[in-house]
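2 protein chains.
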Amino acid sequence: MRDQHPTFEKMVQRLERRSPLSPSSRQALLGLPHNLRKLAAGAHIVRDGDCTEHCALLLSGFAYRYKITGEGARQIISIHMAAEFVDLQNAMLQMSDHSVQTLTEVEAAMIPRQAVQELALGNPEIGQALWIDTLIDASIFREWVVNVGRRDSRARVAHLLCEFSLRMEAAGLARDHRYELPMTQEQLADAVGLTSVHVNRVLKQLGEEGLISRDKRSIVIEDWDRMRHVGDFNERYLHHDGQAARAA
Amino acid sequence: MRDQHPTFEKMVQRLERRSPLSPSSRQALLGLPHNLRKLAAGAHIVRDGDCTEHCALLLSGFAYRYKITGEGARQIISIHMAAEFVDLQNAMLQMSDHSVQTLTEVEAAMIPRQAVQELALGNPEIGQALWIDTLIDASIFREWVVNVGRRDSRARVAHLLCEFSLRMEAAGLARDHRYELPMTQEQLADAVGLTSVHVNRVLKQLGEEGLISRDKRSIVIEDWDRMRHVGDFNERYLHHDGQAARAA
DNA sequence: TCGACGACCTAACCTAGATAAAAGCGGCCC
DNA sequence: GGGCCGCTTTTATCTAGGTTAGGTCGTCGA
């Protein structure tokens, strides 16, 4: 596979944080066959109903997962960033039940789903690491159900900004609660189940209260503790910390 | 393990619908060590923050997964029925990020998490089957994000009733869109992100429109097609159909 | 037989957030 | 330099669903 994109290394580190990997497993992951694709902002990686033949690993840029209701409303279900797999979900399930679209320009490694499956089946250590990775995705989905189902608009937006901040930092893409939000207010609205008008009001208010400041798309969380409180944010669900699974 | 509870067999069938299992894998699953527990309605199986040592397989009865917000509101995240694992999620992740409580009297097989992990690591076929099982849970979470984020009250309730109907039938617990709903209107409300008062309004309205009829907790969906439409329900996300993964 | 309790139901009123419509405001392309 | 387009911001108005409060009904236990 010639010289590997450096983000592969980050992906392996990400998996390793939760699940031990032997040197050979590490090599196997780094050696996954793939071809590189450059995608413009707004391009689709997977569409609802596709029978996916590839599993995309994001090498740079951002993407989001969404569904459209019968009424035509969009709900964004998760946001993904470099070193994350999009559609490990769909690599194992025959047909995609949702769409994934890029937020920014994206470089992605398209890995044949066969290769992922064979690796997971042939190497239980890797199988387990990938499994845990999807379990953490599921944990984030659960938190989003709560966010959208039971928090008011202020908390919803604050919660999303907090989640983003921590995930960006964990990915090495931000520091000091300061980052570039790669989405429009309309996309933000579709992520928290509000309208863009109302998201705008909330952002303004959070600014006036000194909780955040922003300039164009860049966000600074000025008062992390208060923001955490306003957003009812507890990072435990991200499972960023340590060992997820004890070795059996 | 003496004589196995018959629901173990159903659990194996459930897994087999999506992922092939050899006879020996089947035997290994049936032979999982466990002890039986009988739980009263309203008992906790796992609490948010617990370090779980067991993974519960529901043998009879119903349970639900939920989180409580800082404001004290409850969001129900999923409902589980016989032959389903609750907390396969938590068996692999160190600490539970949510609670699971019984809706009815429940018999559960408490399987030591070590045993599940060893089996998944030692037998990739089983590892894959369990992985896929959790991926389907995740797919349901995604649909719930949409339900709660972007559908109006009528559609939300209808959607939940449709999902329940199909899942009950798939589990052999119902027929002809007729079933016993094992939850109060308040729990229903917490599942769809509404108040119980409003759920009551909506149920009444669905009844008046001839979409459902009910008597105490028992529900009959009188007009499945219309109900499906009202609830914007597309069962694909349940992945009930066939092969989820092609054998590698 | 009488509470006590839990679930269900209803009605009157209120508000958070939706909707609609338009004005600013950069870019960017020609 | 001018026009267009996508995004943000704002204002005014409306409504779906929340809140509060109370009533009904069935069950269970004393």
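Chains as they are written, first to last, in this note's numbering: chain L, 20 to 267; chain W, 20 to 267. By construction, the Cβ of each residue, glycine as well, lies at the ideal position given by its N, Cα and C atoms.
When we look at the beta-carbon of residue i and count the other beta-carbons within 10 Å, is it buried (16 or more) or exposed?
i: W/D152; result: buried
i: W/H4; result: Here chain W comprises residues numbered 20 to 267, so residue 4 of chain W is not present and cannot be evaluated.
i: L/P201; result: buried
i: W/G226; result: exposed
i: L/C74; result: buried
i: W/V211; result: buried
i: L/G229; result: exposed
i: L/Q46; result: exposed
i: L/T203; result: exposed
i: L/K16; result: As shown, chain L starts at 20 and ends at 267. That puts residue 16 of chain L outside it, with no answer to give.
i: L/V221; result: buried
i: L/G141; result: exposed
i: W/V218; result: buried
i: W/D209; result: buried
i: W/G146; result: buried
i: W/E90; result: exposed
i: W/A264; result: Legend: pLDDT at W/A264 = 43, less than 50; position of this residue unreliable, no value from coordinates given.
i: W/V216; result: exposed
Under the DSSP definition of a beta bridge, which residues are partnered with residue i?
i: W/R197; result: W/R194, W/V239
i: W/C70; result: W/M114
i: L/K57; result: L/E126
i: L/H63; result: L/Q120
By alpha-carbon positions, which one of the options ends up nearest to residue i?
i: L/C181; options: L/E126, L/D242, L/F104; result: L/D242
i: W/Q94; options: W/R186, W/S79, W/R66, W/L207; result: W/L207
i: L/A177; options: L/G168, L/M246, L/L185; result: L/M246
i: W/M30; options: W/S41, W/S43, W/L48; result: W/L48
i: L/R56; options: L/P39, L/R66, L/L76; result: L/L76
i: L/H117; options: L/L192, L/R84, L/L149; result: L/R84
i: L/S270; options: L/P52, L/V125, L/Y256; result: The structure shown does not extend to residue 270 of chain L, since chain L is modelled only from 20 through 267, so no value can be given for it.
i: W/A190; options: W/I87, W/A101, W/G68, W/G141; result: W/A101
i: L/I238; options: L/S215, L/L179, L/G212, L/E254; result: L/L179
i: L/R197; options: L/R132, L/I231, L/L107, L/N219; result: L/I231
i: W/T88; options: L/L140, L/G80, L/V164, L/A148; result: L/V164
i: L/S184; options: L/I130, L/E254, L/A134; result: L/E254
i: W/D115; options: W/Q46, W/L192, W/R132, W/T203; result: In the sequence as presented, Asp is not what sits at residue 115 of chain W; that position holds Ser. Considering only alpha carbons, the answer is W/R132.
i: L/G250; options: L/E205, L/V167, L/L192; result: L/V167
i: L/S79; options: L/G68, L/R37, L/M129, L/Q136; result: L/M129
i: L/R37; options: L/A148, L/T203, L/E144, L/L213; result: L/A148
i: W/V105; options: W/E90, W/E137, W/T71, W/L138; result: W/T71
i: W/R33; options: W/L222, W/D209, W/R186, W/H217; result: W/R186
i: L/L213; options: L/E199, L/R169, L/K235; result: L/R169
i: L/D195; options: L/I240, L/A134, L/H53; result: L/I240
i: L/R66; options: L/L51, L/H53, L/N54, L/A82; result: L/A82
i: L/D171; options: W/E28, W/A92, W/T26; result: W/A92
i: W/E199; options: W/V218, W/R236, W/V135; result: W/R236
i: L/L18; options: L/P52, L/V218, L/E103; result: Residue 18 of chain L lies beyond the residue range present for chain L, which begins at 20 and ends at 267; the question has no answer from this structure.
i: W/A127; options: W/E28, W/Q136, W/H53, W/N219; result: W/H53
i: L/Q136; options: W/E188, W/G68, W/P143, W/P25; result: W/P143
i: W/G50; options: W/A174, W/Q23, W/E205; result: W/Q23
i: L/R175; options: L/D244, L/F252, L/V216; result: L/F252
i: W/R173; options: W/H248, W/D69, W/E35, W/E188; result: W/H248
i: W/A134; options: W/R233, W/L107, W/S215; result: W/L107
i: L/V125; options: L/T26, L/E35, L/F160; result: L/T26
Checklist entry - What are the start and end residues of each continuous beta strand (DSSP E) run of 3 or more residues lying completely inside the region 73-149 of chain W, in chain order? => result 73-79, 82-87, 93-99, 118-121, 125-131
Next on the checklist: Tell me whether the region 55-71 of chain W and the region 109-123 of chain W touch, counting them as touching only if at least three CB pairs, one residue from each stretch, are closer than 8 Å.
Outcome noted: yes
Checklist entry - Which whole runs of the beta strand (DSSP E) in the region 165-233 of chain L are 3 residues long or more, in chain order? => result 197-199
Item to check | Contact the region 137-157 of chain L vs the region 96-115 of chain L: 3+ CB pairs below 8 Å | outcome: yes
Checklist entry - With a cut-off of 8 Å, do at least 3 Cβ pairs link the region 36-54 of chain L to the region 91-106 of chain L? => result no
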